[in-house]
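Novice: Structure incoming, see below.
Protein chains: 2
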Amino acid sequence: MSVLEECRCAAIIGLGLVGGSLARDLSAAGVRVLGYDTNRDDVAAAVRSGIVAALDDGLAGVAVADVIVVAVPVECATDVLKQVAPFVSPGTLVTDVGSTKARVVGAAFVLGIGAQFVGSHPMAGDHRSGWGASRVGLFEKARVYLCASDNARDDLIERAANFWRSLGGEPTRIGAGEHDQKLARASHLPHVLSAALGIALARGGVSRSDLGPGGRDVTRLAGSSPDLWTGIARENAAALERALVDAENEIAEFRRALSDPDRNALRSRFAIARDWFDAGL
Amino acid sequence: MSVLEECRCAAIIGLGLVGGSLARDLSAAGVRVLGYDTNRDDVAAAVRSGIVAALDDGLAGVAVADVIVVAVPVECATDVLKQVAPFVSPGTLVTDVGSTKARVVGAAFVLGIGAQFVGSHPMAGDHRSGWGASRVGLFEKARVYLCASDNARDDLIERAANFWRSLGGEPTRIGAGEHDQKLARASHLPHVLSAALGIALARGGVSRSDLGPGGRDVTRLAGSSPDLWTGIARENAAALERALVDAENEIAEFRRALSDPDRNALRSRFAIARDWFDAGL
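Shown next as structure tokens:
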């Protein structure tokens, strides 16, 4: 199905890695894309490439869009929602792309656009950020979590699912609270472990260029945007704290197993990890 | 330079990912490759592909090789060295490919082949293992640590360096003890963290297929061979324990920063990680 059937014009607030990639895909599909970013250079680059028409600071221009996508760091998403809320028509789909969902879904409800808001979290992207990192096809085969308000319109939930499907994504519905609990482990925990490992290596005098291909993979997320991830981690702090305690315990168990005279104490731990790995292939 | 100049015949004990890839590269370069593995299927596959001629169990056949490579799990390396030692001529280069170096270098000295032994650790490979995972070009641009005995012959150290250079590797000399200290952080620590994260996710009900591309990278090493890594971790237990304590402390610091009202407590930690990442590009 073509994205054009339900979205002739999209407004994207935030033209970073995710918003920019979305703009590229939509533009390639023939959708008119209106875009905004506080980074003037990114907007200029997006306009120059012919992918985006620039929105004014007031964001009133979003009123003509069938779909409004808030693609800013989670810390700013509520403020942007507040700004666009007055321009949302009953039939407009409003969504976002943030890694945490409870707060933004709640904010949409409070702002009176709960019926139109279906929060999205595409599991795509990498450690880089900004328009320069955006690319066509980012959402291909990516799971996209959809978190709607309790009063969201069924047709707009369906439109959100079709929107992501048309970009190659695989939408799946989940409650916002459950999403945040799950993602604390499935995404935020790996990010923090990767960053913590980076710091430990930095303090231990090991450069990333000293690592083999495996170590480089484990530490890739240490290169993520500090601002973006500070926002995500703080917004999901309680669930992430619990996940971190669990990870610390598992590491300490490995450490204890190292000095166990029984070789199997350590081997059985590596085996649990590998069984988990194999089950997810 | 061609590997053929100093190695017309190589014997490789262990035809797994590393030994098998070595066999493929050497055979492609015109070197005669003698091979052995306790896994009869892997030997049969290597022989069928025309890459390897099989060595008998006694390993006496290694006597005709210019270079003998011990490519078995580190736990078995000393036993294999003992087995081949009687067949080593004064001009034969003996090397290995293990992730720990102090014990094997010491063993070569004790076995009376210290003059011929130059231990190697190519920073190449992935989480898979066995002949089926081996491939041409594995050592391209890989750092290869060389750890010689105190009494190693200079010409054989030079031959070891040329051997790896001819396969695309980048040899660099280091003391065996220093190597093990460094690799506890640069390799063994990321492996254990990746496995510990895998266990934490398993216990938290998160499948690897629930992860995005970043999380999948962080957990790739959780798929490594339990036996191989039990051996490596136990052999470098003391240094790895210290590295694990440091990593646990850095994770706990992240956890504490999460609940700090000052946003910068957390941001500054992500920033240290990113600065380290950027410095290693």
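As they're listed, the protein sequences go chains A and B.
Under the working numbering, the first residue of the first sequence is numbered 1, with each subsequent residue one higher.
Under the working numbering, the first residue of the second sequence is numbered 1001, with each subsequent residue one higher.
Just so it is clear, CB atoms sit at the ideal spot from N, CA and C, and this is done for glycine as well.
With DSSP as the reference, label A:Asp227 as helix, strand or coil.
Specialist: helix
Novice: In chain B, which residues lie with their C-beta within 9 Å of the C-beta of A:Thr78?
Specialist: None at all; the shortest Cβ gap to chain B is about 16 Å.
Novice: Hey, how far is the Cα of A:Ile199 from the Cα of B:Pro1213?
Specialist: 22 Å
Novice: To the nearest angstrom, how far is it from the Cα of B:Gly1019 to the Cα of B:Arg1269?
Specialist: 40 Å
Novice: When the distance is taken between beta carbons, is A:Val118 closer than 7 Å to A:Ala160?
Specialist: yes
Novice: I'd like the list of long-range same chain contacts for A:Asp37, defined as Cβ closer than 7 Å, with 5 residues on each side in sequence excluded.
Specialist: Gly14, Leu15, Val43
Novice: For A:Leu138, would you say it is in contact with chain B, using Cβ-to-Cβ distances shorter than 7 Å as the test?
Specialist: no
Novice: Contact defined as beta carbons within less than 8 Å: I believe A:Thr100 pairs with A:Ile68. What is the distance between those atoms, to the nearest angstrom?
Specialist: Incorrect: roughly 19 Å between the Cβ atoms, too far for contact.
Novice: Is B:Gly1035 helix, strand or coil by DSSP?
Specialist: strand
Novice: How many Å lie between A:Asp41 and A:Gly112 at the Cα?
Specialist: 33 Å
Novice: Is it true that the segment 1140-1149 of chain B meets the segment 1071-1088 of chain B, where meeting means three or more beta-carbon pairs spaced less than 8 Å apart?
Specialist: Look at the beta carbons and you see the segment 1140-1149 of chain B not touching the segment 1071-1088 of chain B: under three pairs across the two are nearer than 8 Å.
Novice: Output needed in chain order: residues of the segment 1174-1200 of chain B with a Cβ under 8 Å from some Cβ in chain A.
Specialist: Lys1182, Arg1185, Ala1186, Ser1187, Leu1189, Pro1190, His1191, Val1192, Leu1193, Ser1194, Ala1195, Ala1196, Leu1197, Gly1198, Ile1199, Ala1200
Novice: What is the DSSP secondary structure of B:Gly1050, reduced to helix, strand or coil?
Specialist: Three-state DSSP puts B:Gly1050 in coil, outside helix and strand.
Novice: Indicate the three-state DSSP secondary structure (helix, strand or coil) for B:Cys1007 in the structure shown.
Specialist: coil
Novice: Could you check whether B:Cys1009 and B:Val1074 sit closer than 7 Å to each other, using their CB atoms as the reference points?
Specialist: no
Novice: Since B:Val1070 and B:Asp1096 should fall inside the 8 Å C-beta cutoff, what is the C-beta to C-beta distance between them, to a whole number of angstroms?
Specialist: At roughly 4 Å, the Cβ-Cβ gap stays under 8 Å, so B:Val1070 and B:Asp1096 are in contact.
Novice: Does B:Asp1210 have its Cβ less than 7 Å from a Cβ in chain A?
Specialist: yes
Novice: Would you list the one or two residues that DSSP bridges to A:Ser187?
Specialist: Per DSSP, none; premise fails for A:Ser187.
Novice: Can you confirm whether B:Asp1260, when its beta carbon is compared against all beta carbons of chain A, has any partner nearer than 7 Å?
Specialist: no
Novice: Can you find the residues in the same chain that come closer than 8 Å, C-beta to C-beta, to B:Gly1219, ignoring five residues on each side of it along the sequence?
Specialist: One point to set straight first is that residue 1219 of chain B is Thr, not Gly, in the sequence displayed. Correct list, in chain order: Ser1194, Leu1197, Gly1198, Leu1201, Arg1208, Leu1211.
Novice: Nearest to A:Leu244 by alpha carbon, out of A:Ser134, A:Pro190, A:Thr172?
Specialist: A:Pro190
Novice: Considering only residues of the same chain and omitting the five flanking positions on each side of B:Ala1265, which have a CB-CB separation below 7 Å?
Specialist: Beyond the five residues adjoining it in sequence on each side, B:Ala1265 comes within less than 7 Å, by CB distance, of Ala1257 in the same chain, given in chain order.
Novice: Could you tell me which residues DSSP pairs with A:Thr95 in its beta bridges?
Specialist: A:Val69
Novice: Grouping DSSP H, G and I as helix and E and B as strand, with all else coil, what is A:Val84?
Specialist: helix
Novice: Using the rule of at least 16 other Cβ atoms within 10 Å of the residue's Cβ for burial, across every protein chain shown, is B:Gly1114 buried or exposed?
Specialist: buried
Novice: Cutting at 7 Å between CB atoms, please list the residues of its own chain near A:Val3, excluding the five before and the five after it.
Specialist: Leu26, Ala29, Val31, Phe163, Ser166, Leu167
Novice: Flag this pair as yes or no: are the beta carbons of A:Leu228 and A:Ser134 separated by less than 7 Å?
Specialist: no
Novice: Might you give, ordered along the chain, the residues of its own chain that have their beta carbon closer than 6 Å to the beta carbon of A:Val47, omitting 5 neighbours on each side?
Specialist: Ala54
Novice: With DSSP as the reference, label B:Ser1075 as helix, strand or coil.
Specialist: According to the sequence provided, residue 1075 of chain B is Glu. The question's Ser does not apply to it. Helix at B:Glu1075.
Novice: How is the alpha helix (DSSP H) around A:Pro213 delimited, first residue to last?
Specialist: Its alpha helix (DSSP H) spans residues 213-218.
Novice: DSSP three-state label for B:Leu1146, please.
Specialist: Strand at B:Leu1146.
Novice: Who are the neighbours of B:Trp1336 on chain A, taking C-beta pairs under 8 Å?
Specialist: No information on residue 1336 of chain B is available, as it lies outside the stretch 1001 to 1281 that chain B covers here.
Novice: Which whole-angstrom value describes the C-beta separation of B:His1127 and B:Ser1224, a residue pair presumed to lie in contact below a C-beta threshold of 8 Å?
Specialist: 5 Å
Novice: Rounding to the nearest angstrom, what Cα-Cα distance links A:Cys7 and A:Val33 in this structure?
Specialist: 10 Å
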